[in-house]
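A quick write-up on the structure given underneath.
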């Protein structure tokens, strides 16, 4: 009734997205599509750079970070979070449910690590897609620069500083 086109733009099974869409329409008084016009240009004088790595390198770093989380005690951290006191947004944090399955004996440690790494790789891919579609910022692939100072030099060149 407020916005006839909104149901086709959001996942109606996702309560949080429906609530957010309703909030946007009520606060702005405009259809949801009006708020999705794309990114506004950055303010004058703002310089930015999209920093990335080669997909294989990024995936290897993600895998190593997930293993490191387990070595540093993510299981104890999650065990200390009472499920009934964890809000819906926090409960959706990448890996929480997988660690809880592990703690309940419903998943092995290896399965939890693999699942979290897979979800994190997918999330990283979505982030890169989103950032690329926001602005025309230059992209700096750090995988092309084995030394940090080389990457910094290239960043300064791209930003014309």
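Residue numbers (this note's numbering): 973 to 1133. Where a beta carbon is used, it is the ideal one built from N, C-alpha and C, also for glycine.
- Locate the beta strand (DSSP E) running through residue 1112, then write down its first and last residues. Taken as a continuous stretch (DSSP letters only), the beta strand (DSSP E) holding residue 1112 covers 1111-1113.
Item to complete: Mind listing, in chain order, the continuous alpha helix (DSSP H) runs of no fewer than 4 residues lying wholly within the segment 1059-1107?
Response: You should have 1060-1063, 1068-1075, 1081-1104.
Q.
Rounded to whole angstroms, what is the Cα-Cα separation between residue 1131 and residue 1116?
A. Inter-residue distance for residue 1131 and residue 1116 is about 17 Å (C-alpha atoms, whole angstroms).
Comparing C-alpha positions only, which one of 1045, 1101, 1056 sits nearest to residue 1085? The shortest C-alpha separation from residue 1085 is found at 1045.
Exercise. Over the uninterrupted beta strand (DSSP E) stretch that includes residue 1023, give me the two end residues.
Key: Run containing residue 1023: 1022-1024, per the beta strand (DSSP E) assignment.
- Task: Note down the Cα distance separating residue 1081 from residue 1104, rounded to an integer number of angstroms.
- Result: Looking at the backbone, the Cα of residue 1081 and that of residue 1104 are separated by about 35 Å.
The segment 1105-1114 touching the segment 1052-1060, judged by at least three CB pairs closer than 8 Å: Pairwise C-beta distances place the segment 1105-1114 out of contact with the segment 1052-1060, as fewer than three of them are shorter than 8 Å.
For residue 1099 and residue 1093, what's the separation of their Cα atoms in angstroms? One C-alpha to the other measures close to 10 Å.
In three-state DSSP terms, what is residue 1057? Collapsing the DSSP output to three states places residue 1057 in a helix.
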